[in-house]
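For the protein sequence lines, the chains are W and X, in the order given.
If you count the first sequence from 1, you need to add 147 to reach the working numbering.
If you count the second sequence from 1, you need to add 2 to reach the working numbering.
To start, the structure under review is shown below, and the notes come after it.
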Amino acid sequence: MWGLAGLIIIFPLLGLLINLFIGNRLSRKWIGVIACGSVALSCLATIVFAVLFHFNYPAEGSIEANWYQWIVSGSFVVDFGFRIDWLSLVMALTVSFVGFLIHVYSVGYMWEDPGYRRYFIYLNLFMMMMLMLVMANNLGLLFVGWEGVGLCSYLLIGFWFEKHSASEAGKKAFIVNRIGDFGFLLGMLLIYREFGSLNFNVIEANMGEHVASQIILGIALLLFCGAAGKSAQFPLHVWLPDAMEGPTPVSALIHAATMVTAGVYMVSRMGFLYEQSPYALMIVTGIGLFTAFFAATMAVVNKDFKRVLAYSTISQLGYMFAACGAGAYVAAIFHLITHAFFKALLFMGSGSVMHALGGELNIEKMGGVKEKMKWTALTFVIASLAISGIIPFAGFWSKDAILAAVWHKYGPVIWIIGIVTAILTAFYIFRLVFEVFYSERRVEEKTWDHAHESPPAMIRPMMILALFSIIIGFVGLPFKRFNLIERALATVLPVAHGTEVSVANEIILMIIVLAGALFSIYLAFTFYMKKRNYLDTLLASFKKIHHVLINKYFVDEIYHKIIIAPLWYVSDKFLYKIIDVFMIDGSVDGIAHISRGTGKYLRKIQSGNTRSYAFAIVIGMLLIFIYYFWKIHKG
Amino acid sequence: MELYYYLIVSLIVFIIGMIGFFIRRNLITLLMCVELMLNAANLALMVFGTKWGWIEAQAIVLLVMTVAAAEVAVGLALMIVVYKHYSHLFIDQMTKLKG
């Protein structure tokens, strides 16, 4: 029966195949129905399996369903198999549910695009790969999904490939991800060498055996390298802001809700390994929190609607890694889930505004959009409250869980970075809210006349997500009895024992976070609604910092200087001019020249004169005779 | 050792054919020269067949003569075509295969 869990993956595959092979004969409506329907089916299948799993709960907390052996090479075996436990079910549920809503939204958003069918084929392929990633029972199959979603990300970022910037952004995302994947692959090989298998259960079972701590650290860091590439952590974060070149639903699905969280999922899945290495945990938290802060500062100044959200995503992912590093894997996954809902909603809101304003992305040319788009504004505000961590919206509970874990494990100094980031988060997101929806109108008259609320296909998924952004946090209330998500995930993920924060402490921490968020919302309100002239004074006094921030800390420029430019130089001066032109072309052309040169002389033998041919034959025969006579006489 | 004389005859006939092939220009003459060489070879074969008491040699010679007859038929037919094309049969002026 559990083998049927493969259906969760098969449904999107079927949808993709139908649209691929007979989609050209179907109307747009039917293509949309098939694409959305297949994801809805896999969402339903996930729910069914979750219910079944709940009622047939196995003692060891997980079930393995192997379909067949995919790679067999000596002792190296990779199964095509699924692992059903609460972690994979919760992930699959989030992915397929948010994915379904975004599919529906896409029908409205992409309705007039000429690449409608291609778009849904890619999107279904993405769903299939993402679900494979979370359902896999070994690192090998996980890696297939991992690369598959990377491919879909590339295809969808460069979806409008006629636009140069879009195809460049796709390439950048792919190459930066490859750097991370290289680390991941090495980590996998090292795991195989040390533990003899890639299956999660086997690795965990062999964990107790004596393996040098340096090797554990090496594996942990190599895997984290892959996670950092996929989840856009410093220093591999550069691809995500550029990925906003893709269609907005893609940003919502891939670059906010699901694919970029694969890194967090993988680190949580391998949590038992990370737990063995305190240094690795410190590095994960360090990179996570640094990225959270670093990205948040860039989000504060950026003027591009979607890029602000992209930096916000990087920052929130940083939080999740910080939680992983603090041993609070449950909190990381919890934040991953709440983030999937509200961040997808934020992106959908930005898409809705873009749709209305003819593709405008510069927030300085917006303002007052609320008048024309009541629902978009309402849902966007809900999502913003959720991400800012205002009680009782989803983000409050998950962010609180993370900050409490960091406080507990690494103490107040590290915790302060988290708090400052939370404050920045509230500020930049409400900057968007006020700049776009509530401040005075700066939209050009012509665009304004065309502005309209988005069609129901787009608005309804947003309403559903808004509802979930409010209520999803209640699955993880920070009190033992009510913490459903912890009760479920603690069966899979390592939980730090005896380190629960006391209730009084917990409440004090909550109040601090809340106060900080409210204060920065007030600050954003002052700057962007009431006293806009404050901004100019502020900009004038912090000109240098602003310059650094708006140029994204010059990271792209540094990469260009130290990596890309030398590569180009070597490619041009050495690989192209010497290897390619001189050696390869030289040898190939040289062979051609030799043949032609010798041919030039040899052709004279071909006189066309029959007599000379006959003469050659006679001479040849004579030579053979002479040879044999000589041989006989000698012998 | 009287077989020795047959071999000399064979050699002479062969050389006549060969020299003829080199110095004559007319295609028909060349064909005749080729036939001479062929028959000289036949004769030599017969000589050695007799010498070693190898009866199959005679069969081979008959076969070669049959093939040669067929070859002459094809050769003459070709010559007619060549003549229609060039209006002459001088081998020196047929150098279309020059590289």
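No residue lacks a Cβ here, since even glycine has one placed at the ideal position from N, Cα and C.
The structure presented is a predicted model; accordingly, all values stated were derived computationally and were not measured.
Just to confirm my understanding: we take residue i, look at its own chain, exclude 5 residues before and 5 after, and list those with CB closer than 8 Å. What are they?
i: residue 217(W); result: 225, 226, 227, 287 and 288
i: residue 26(X); result: 32 and 35
i: residue 612(W); result: 245, 248, 488, 489, 491, 492, 495, 526 and 530
i: residue 362(W); result: 337 and 341
Tell me which residues share the same chain as residue i and place their Cβ nearer than 7 Å to its Cβ, disregarding the 5 neighbours each side in the sequence.
i: residue 450(W); result: 509, 510 and 511
i: residue 446(W); result: 455, 458, 459, 462 and 575
i: residue 489(W); result: 530, 533, 534, 541, 542 and 616
i: residue 165(W); result: 181
i: residue 664(W); result: 535, 536, 537, 569, 570 and 573
i: residue 519(W); result: 503, 598, 599 and 600
Give me the Cα-Cα distance between residue i and residue j, rounded to the nearest whole angstrom.
i: residue 344(W); j: residue 364(W); result: 18 Å
i: residue 773(W); j: residue 72(X); result: 33 Å
i: residue 432(W); j: residue 581(W); result: 32 Å
i: residue 248(W); j: residue 568(W); result: 29 Å
i: residue 440(W); j: residue 596(W); result: 39 Å
i: residue 495(W); j: residue 311(W); result: 24 Å
i: residue 367(W); j: residue 380(W); result: 15 Å
i: residue 744(W); j: residue 713(W); result: 41 Å
i: residue 170(W); j: residue 278(W); result: 23 Å
i: residue 771(W); j: residue 777(W); result: 10 Å
i: residue 471(W); j: residue 406(W); result: 17 Å
i: residue 544(W); j: residue 338(W); result: 35 Å
i: residue 766(W); j: residue 718(W); result: 57 Å
i: residue 642(W); j: residue 261(W); result: 50 Å
i: residue 350(W); j: residue 517(W); result: 53 Å
i: residue 563(W); j: residue 662(W); result: 14 Å
i: residue 323(W); j: residue 385(W); result: 8 Å
i: residue 188(W); j: residue 161(W); result: 11 Å
i: residue 416(W); j: residue 505(W); result: 42 Å
i: residue 565(W); j: residue 436(W); result: 7 Å
i: residue 253(W); j: residue 307(W); result: 15 Å
i: residue 403(W); j: residue 695(W); result: 25 Å
i: residue 347(W); j: residue 515(W); result: 52 Å
i: residue 666(W); j: residue 522(W); result: 26 Å
Who pairs with residue i in a beta bridge, going by DSSP?
i: residue 230(W); result: 211(W)
i: residue 92(X); result: 28(X)
i: residue 630(W); result: 623(W)
i: residue 219(W); result: 224(W)
i: residue 346(W); result: 285(W)
Where does residue i fall in DSSP's three states?
i: residue 12(X); result: helix
i: residue 224(W); result: strand
i: residue 451(W); result: strand
i: residue 203(W); result: coil
i: residue 698(W); result: coil
i: residue 283(W); result: strand
i: residue 756(W); result: coil
i: residue 599(W); result: coil
i: residue 247(W); result: helix
i: residue 435(W); result: helix
i: residue 36(X); result: helix
i: residue 273(W); result: helix
i: residue 162(W); result: helix
i: residue 259(W); result: coil
i: residue 555(W); result: helix
If I measure Cβ to Cβ from residue i and keep anything under 6 Å in the same chain, skipping five residues before and after, which residues do I get?
i: residue 235(W); result: 281 and 282
i: residue 452(W); result: 497, 508 and 510
i: residue 697(W); result: 448
i: residue 333(W); result: 369
i: residue 372(W); result: 327 and 330
i: residue 203(W); result: none
i: residue 193(W); result: 155, 239, 240 and 243
i: residue 268(W); result: 163, 166 and 167
i: residue 622(W); result: 631 and 632
i: residue 502(W); result: 601
Are there any heavy atoms of the ligand MN lying less than 7 Å away from the beta-carbon of residue i, as far as the coordinates show?
i: residue 98(X); result: Of the ligands one can find in the structure shown there are none, so the ligand MN has no counterpart to examine.
Could you tell me which whole alpha helix (DSSP H) segments of length 4 or greater appear in the segment 473-532 of chain W? 476-503
Go through the segment 667-743 of chain W residue by residue and report every complete run of the alpha helix (DSSP H) that reaches 4 residues or more, in order. 679-688, 690-697, 702-706 and 712-717
Ranges of the alpha helix (DSSP H) found wholly within the segment 384-449 of chain W, counting only runs of at least 4: 386-389, 395-399, 409-416, 418-421 and 425-448
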